Each structure stands twice: as structure tokens, then as C-alpha cells.
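Note that the protein sequences, when read in sequence, are chains A and B.
UniProt numbering numbers the first residue of the first sequence as 1 and each following residue consecutively.
UniProt numbering numbers the first residue of the second sequence as 1 and each following residue consecutively.
There are 2 protein chains.
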Amino acid sequence: MMGKLKVYADRMSQPSRAVLIFCRFNGIDFEEIKVDISKRHHLSPEFAEVNPLQKLPAIVHGSFNLSESHAILVYLASAFPGIADHWYPSDIFRRAKINSVMDWHHSNLRHGAGPATGRSLNPKAAAEAEKVLLSSLSKLEDIWLNGDGSFLLGGSQPSIADLSMVCELMQLEVLDEKDRSRILSPYKKVLQWIEDTRTATNPHFEEVHNILYRAKKKFEQQRSRVAETGTELSNKMGGHSKM
Amino acid sequence: MMGKLKVYADRMSQPSRAVLIFCRFNGIDFEEIKVDISKRHHLSPEFAEVNPLQKLPAIVHGSFNLSESHAILVYLASAFPGIADHWYPSDIFRRAKINSVMDWHHSNLRHGAGPATGRSLNPKAAAEAEKVLLSSLSKLEDIWLNGDGSFLLGGSQPSIADLSMVCELMQLEVLDEKDRSRILSPYKKVLQWIEDTRTATNPHFEEVHNILYRAKKKFEQQRSRVAETGTELSNKMGGHSKM
Numbered sequence: 001m002m003g004k005l006k007v008y009a010d011r012m013s014q015p016s017r018a019v020l021i022f023c024r025f026n027g028i029d030f031e032e033i034k035v036d037i038s039k040r041h042h043l044s045p046e047f048a049e050v051n052p053l054q055k056l057p058a059i060v061h062g063s064f065n066l067s068e069s070h071a072i073l074v075y076l077a078s079a080f081p082g083i084a085d086h087w088y089p090s091d092i093f094r095r096a097k098i099n100s101v102m103d104w105h106h107s108n109l110r111h112g113a114g115p116a117t118g119r120s121l122n123p124k125a126a127a128e129a130e131k132v133l134l135s136s137l138s139k140l141e142d143i144w145l146n147g148d149g150s151f152l153l154g155g156s157q158p159s160i161a162d163l164s165m166v167c168e169l170m171q172l173e174v175l176d177e178k179d180r181s182r183i184l185s186p187y188k189k190v191l192q193w194i195e196d197t198r199t200a201t202n203p204h205f206e207e208v209h210n211i212l213y214r215a216k217k218k219f220e221q222q223r224s225r226v227a228e229t230g231t232e233l234s235n236k237m238g239g240h241s242k243m
Numbered sequence: 001m002m003g004k005l006k007v008y009a010d011r012m013s014q015p016s017r018a019v020l021i022f023c024r025f026n027g028i029d030f031e032e033i034k035v036d037i038s039k040r041h042h043l044s045p046e047f048a049e050v051n052p053l054q055k056l057p058a059i060v061h062g063s064f065n066l067s068e069s070h071a072i073l074v075y076l077a078s079a080f081p082g083i084a085d086h087w088y089p090s091d092i093f094r095r096a097k098i099n100s101v102m103d104w105h106h107s108n109l110r111h112g113a114g115p116a117t118g119r120s121l122n123p124k125a126a127a128e129a130e131k132v133l134l135s136s137l138s139k140l141e142d143i144w145l146n147g148d149g150s151f152l153l154g155g156s157q158p159s160i161a162d163l164s165m166v167c168e169l170m171q172l173e174v175l176d177e178k179d180r181s182r183i184l185s186p187y188k189k190v191l192q193w194i195e196d197t198r199t200a201t202n203p204h205f206e207e208v209h210n211i212l213y214r215a216k217k218k219f220e221q222q223r224s225r226v227a228e229t230g231t232e233l234s235n236k237m238g239g240h241s242k243m
């Protein structure tokens, strides 16, 4: 007996959302423990006992603790019985490709999608991040989504890589709709893939993303106030996206 | 029959070296195909057929191709018979921890060690990278190497994570000895771990790193010429370290 799985997460952070959606979709019995990054709760001494690296998400399963969302998703897909094979295929070649695209994600999309939403905090860094993002999107479109199926590497059902990377791109929701559309609209396969991943994992996908949609509305209201009054916008998304 | 494994590598790039040392140490029958990054051979149409992402290292095994060094190391440890379990433990908990430290590597050490060697190319980026590097070194010292054994996570023998991360840190060899020592000397466990990994994988470790030692000498000569003449130093390491 391992004891009930505990998932430490902040739904504003994209890798936290991926882990939560995975657990809910697969009927894993778990407890979600909210750690509010905007209140710096991830830097508390209590959380340092869970994860000395002070990053989210993190899990505790009995006496076993683990951080890094990709490692967590791989662990959950292997440790819990009855998780469908498409999430993390046992076939050595498909599994290797899934590992490869997730490693690619670290040094590409992960650098672009989050930081690109921090425009008002650091315009230069955000512009640099947007370059990385656009290059990553075009590689997603031309290479990773260049198969027969709806999902990465030609899959007909989503893997942990699809879930992880689509949650990353969902962070763009907080952008001005004009900016989001300018960035994403040239990438038709990417847009369809986001929709397919959403559909394949609903209602959990939408429920876990609700907080982001509410933040989007709040930012829209702030932006229109700024447009009216000229007050500077305090967009806190840049901080979240670094997790 | 898969056909002989082909490893596309540039020994000046740290993840290439990790894959080569792993193959040689484990007696894998493979062909090393040199792709010279400094001559931009990784951008050639021929190499794009091997790896459309145009990054090194990459492998071709029969009709199967794969990029990203971590994914390659995991694949090799699983696909070839007789690889000792310590490289990528089959125990689900130890494996999860190895995956976690390799994921951590992507967004920490990987950002620091390579770029920190590009001082003369972009001093501001190098200073920023050095900050990431120092923070990563202190986490390595206090968290990842805080076990009983000589290796990461308390291992008594090296894993693919040890090999990957030590090869990363070896990139610091090209720095001025004064700088290298300033950066590394406070981290006694890290220094011992580099030595232990070197010893555990020799003679392959040294043979594969020889090119780096030669580069180190060349840079030292350049630096003393610069000191004499005041000519600006052209240090090309920054470019390599981005691979």
C-alpha cells in the first residue's frame, strides 16, 4: 500500500495542469494540494520538505516524492494499473520517440510559450521568447505533427507528450486575443491538435483550465482599463510561466 | 536485425560525448559519424534527412532514427542486451528519480554550463548563464549528490544521468583555469563526482574528451597571445554549447 497520491499543484502553471488532467482523466485516486505561486507558497519551508527544489508540480506517493512534470507523468503511467498504453507506449520505439519530443519540449516550446506571455514585464525577453516560440511552432507543424493521426508522431490517441505540450500552449490564452491569433493562426495543424487534445481529455481539460480562462478575462478587463486610462498593466503571468 | 547503430556526433558538443562514451563503455557495436558543427555540417541537407531538427547527437538504428541525447541514452540502455541495470534502473522508483534529475538538467545545468563558456562572445548572456550555473551547482551539491554513494541520488555506480551531466560540466574545461576553479572549487562533492564518473568510465571518458583538452590548450595559447598583444579573442565555444 503506497497511500493516497498527493499532487502539489498551481493550476496557473502549465505543467501542474498537465499532471492534474492526467490523474483525473485516468481515474487515479489523488488529493490535489494547492500551492499558490503568486503568494510564493512554493518557497515555504513546508513545501521545501515535499520538494527541496521548490518547484511545481510535485507528487508524494507514500514515502516516495518526485518533481518535474515529465518524470511525474512517466511515473504515473507506469505505477498505476490500467492506464491505457497510448499515454506512454510500452513499444520501445514509440516510447523513445515520446521521450525525444518531451526532451525537445524542454529546450524549445518550454522556453517560448511561457515567457512570451510576460510581455509587459520584460519586453525584450518576451520578444526573444516569441522568436523561440514561433520556431518551435513551425517545427511542431512540420515535423512532430507531420503524421497520419491527430496527435504527435502520428498517434491516433494522445500521449503524455501531447498533454504536456498542449498545456504549455494553452498559456497563450492569457495574451491579448489579437496577439494570440497572430502567433497561432499560421499553424493550422497545431490549432487542430490543441482542439483534438482538449476534446480527447474533456471534461477534465476544461475544468482544470477554468482558472486560466478567468485570468484571461481579468487581463482583458485590465487591458481595456489601460487603453482607457493609460495606466500601466501589471501582468503577473511571466512569473508563473517560469515554473 | 536492426543493422549497425550509427551515431552522428561532434565531440565538441557535450551531449554527443555522453552518447559516445555510453556506447563505447557498454561495448555497443556502432559507427561514429562526425558532423562538424563549427563547419555547419549539421545544417546540411544530408544531415536533415537523418535529423530534421538539425541537432546533434542523433542516431540511426536500422530504419529507426532518434534525436535528443537523453532519449537516445534511454533507448540504448533498453534496446541493447546486457547493459548493466545501474545505467537506467528498471526499478520504477529509481528510474523515476533518474528521469527527474535529467529533466531538471534541461532547465538548469544545461542552461548554465555551456553558455557560461561563451564569455567573450556575449558577456551579458555569459554572466546570466553563470548565475544559473552556480545555482545549479549548489543544488547538485546539496540535493542531488546528497546521498551515500558516489553518484547522483546515492547511486554506487553511474547512471545515464551522471554521464550526461558530468559531460555537461566538462565543457567548463575550456574556460581559463582561474575561472573554472573559481566556479567549481566551492563544490567539493561535485568535483569528486566528476572524478568518480571519469574513473568509472575510463579509458573511454578521457579518449572521447581528448578533443576538448586540445581545445583547452589552444584557447590557453590564444589567451596568452591576447594578453601579450591585446588582440581580441575569438572563442567559438558559445556556439557549440547551444547544441
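All C-beta atoms, glycine included, are put in the ideal place defined by N, C-alpha and C.
Values in this document were obtained by computation on a predicted structure and should not be read as measured data.
- Interface annotation for the segment 42-71 of chain A against chain B: P52, L53, F64, L66, S67, E68, H70 and A71, criterion Cβ-Cβ distance under 7 Å.
- DSSP lists A:K6 as the beta-bridge partner residues of A:E31.
- Put simply, the CB of A:S181 is far from chain B, with every gap to its CB atoms at 7 Å or more.
- Between the C-alpha atoms of B:M102 and B:H70 there is a straight-line separation of about 7 Å.
- Neighbourhood of B:K139 in chain A, by CB distance below 7 Å: L53, in chain order.
- Nearest to A:L145 by alpha-carbon distance, out of A:D196, A:Y213 and A:G3, is A:D196.
- In the pairwise beta carbon analysis, the segment 133-141 of chain A is classified as touching the segment 182-194 of chain A: at least three pairs are separated by under 8 Å.
- Only S69, H70, A71, I72, V74, Y75, S78, A79, I92, F93, R95, A96 and K97 from the segment 69-97 of chain B bring a Cβ to less than 9 Å from some Cβ of chain A.
- Residue contact check for A:N26 against chain B: no CB pair falls below 7 Å.
- 7 Å or more divides the Cβ of A:S63 from the Cβ of A:L53.
- By the rule that beta-carbons nearer than 7 Å mark a contact, A:H209 does not touch chain B.
- Excluding residues up to 5 positions away in sequence, V174 lie with their Cβ nearer than 6 Å to the Cβ of B:A215 in the same chain.
- Closer than 7 Å to the CB of B:D148 there is not a single CB belonging to chain A.
- Annotation for B:A77: I83, W87, Y88 and I160 place their beta carbon closer than 7 Å to its own, counting only its chain and skipping 5 residues before and after.
- Contact between B:L56 and B:V35 holds, with the beta-carbon distance rounding to 6 Å and staying under 8 Å.
- Taking the Cβ atoms as the reference, B:K124 lies roughly 39 Å from B:V60, outside the contact range of under 8 Å.
- Within the same chain, D29, F30 and E31 come within 8 Å of A:K4 by CB-CB distance, once the 5 residues on both sides are set aside.
- With distances taken between CA atoms, B:F25 lies nearest to B:P158 out of B:P158, B:M170 and B:K218.
- In the structure shown, A:N210 falls within a helical segment according to DSSP collapsed to helix, strand and coil.
- Within the same chain, Cβ atoms closer than 6 Å to the Cβ of B:S16 are found at A9, D10, L56 and P57, the five residues on either side in sequence being excluded.
- By the rule that beta-carbons nearer than 7 Å mark a contact, A:W104 touches chain B.
- The DSSP-derived three-state label of A:L66 is strand.
- Remark: C-beta atoms of B:L163 and B:A18 approach each other more closely than 7 Å.
- In this structure, A:C167 is the residue among A:N108, A:C167, A:A48 and A:L152 with its C-alpha nearest to the C-alpha of A:N210.
- Of all alpha-carbon atoms in B:F47, B:W193 and B:S90, the one lying nearest the alpha-carbon of B:S156 is that of B:W193.
- Taking C-alpha positions only, B:I98 is separated from A:L152 by approximately 25 Å.
- Boundaries of the alpha helix (DSSP H) harbouring A:H106: I92 to S107, taken from the DSSP string.
- Your pair B:D176 and B:R223 checks out as a contact, with CB atoms roughly 6 Å apart and the cut at 8 Å.
- A:K189 and B:S107 have their C-alpha atoms some 27 Å from each other.
- In the DSSP annotation of this structure, A:V174 is not part of any beta strand (DSSP E), being labelled neither H nor E.
- In the displayed model, A:I83 falls within coil according to three-state DSSP, outside both helix and strand.
- Neighbours of A:N122 in chain B, taken as residues whose beta carbon is under 9 Å from its own, are absent, since the nearest beta carbon is some 13 Å off.
- For B:S164, the nearest beta carbon of chain A is not closer than 7 Å to its own beta carbon.
- The C-alpha of B:A48 lies about 46 Å from the C-alpha of A:E49.
- Scanning A:N51, A:H41 and A:A79 for the CA closest to the CA of B:D91 turns up A:A79.
- With a threshold of 7 Å between beta carbons, A:S13 makes no contact with chain B.
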